[in-house]
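A.B. asks: This is the structure, below, for whatever I ask next.
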Amino acid sequence: ICCREQKTKLFEQCLFTFLKGLFTFEVDEFLKKGRKEYQLTMAPRYELAVGLKKGYRTTKIRWANHLAQKTSKVVKMRPSRLKGLQTKNNKFTRDLVREVCGHAPYEKRAMELLKVSKDKRALKFLKRRLGTHIRAKRKREELSNILTQMRKAAAHK
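Just so we're aligned, residue 1 is where the sequence shown starts under full-length UniProt numbering, counting upward by one.
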């Protein structure tokens, strides 16, 4: 066996073990019977760098209904307005990360400032950390909501 054949066999073995991890079916059966029979048993679709479903999952541009009602023409939302928009998938991922990792040190410090009702000082602190006034206001609002949820949870216990 020449060196090229050994490399291809090794590559195929690595590829098959990788594919077995990605999909819920056996790769050997998949190659024997064909792809169409197994399309229903495939694992859920994620953002992939390679393969048939490669690429970044995107969202279609939404219609701005609140603007369309005021005027007679139909208005689309600008893509720049969609940046950072919270989707179902985003929310789930962020909640999971927050649950596992907890809060960043600067967020903990800002929460301490909010606990002693120093809202303006917290805003100044967050503005220095995050860079812009709007982001700081949004973060302050988010952290104050978290504090109120924690208080409610403590009251129910």
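Just so you know, even glycine gets a beta-carbon here, dropped at the ideal spot from N, CA and C.
(1) By the DSSP assignment, the alpha helix (DSSP H) with THR93 in it spans what residues?
(2) Relative to the alpha-carbon of GLU107, which residue among LEU147, ALA154, LEU85 and GLY51 has its alpha-carbon at the smallest distance?
(3) Please report the straight-line C-alpha distance between ALA155 and LEU96, rounded to a whole angstrom.
(4) Between GLY131 and the rest of its own chain, which residues show a CB-CB distance below 6 Å, the 5 nearest in sequence each way excluded?
(5) Taking only the alpha-carbon atoms, compute the straight-line gap between MET111 and GLN149 and give it to the nearest angstrom.
(6) Using beta-carbon positions only, say whether ARG140 and ASP119 come within less than 8 Å of one another.
(7) Please classify ALA49 as buried or exposed, where buried requires at least 16 other C-beta atoms within 10 Å of its C-beta.
(8) Within 10 angstroms of its Cβ, does residue 176 collect 16 or more other Cβ (buried), or is it exposed?
(9) Could you pull out every unbroken alpha helix (DSSP H) segment of at least 4 residues lying fully inside the region 115-151, listed in chain order?
(10) How long is the line joining the alpha carbons of ARG94 and GLU12, rounded to whole angstroms?
(11) Whole angstroms are fine: how far does the CA of LYS83 sit from the CA of LEU40?
C.D. replies: Checking against the coordinates, here is how it stands:
(1) 88-101
(2) LEU147
(3) 24 Å
(4) none
(5) 13 Å
(6) yes
(7) exposed
(8) Examination of residue 176 is not possible in this model, given that the chain is present from 1 through 157 alone.
(9) 119-130
(10) 36 Å
(11) Reliability fails at LEU40, whose pLDDT of 43 lies under 50, so the model's placement of it is uncertain and the value that follows must be treated cautiously. Answer to the nearest angstrom: the Cα atoms are 33 Å apart.
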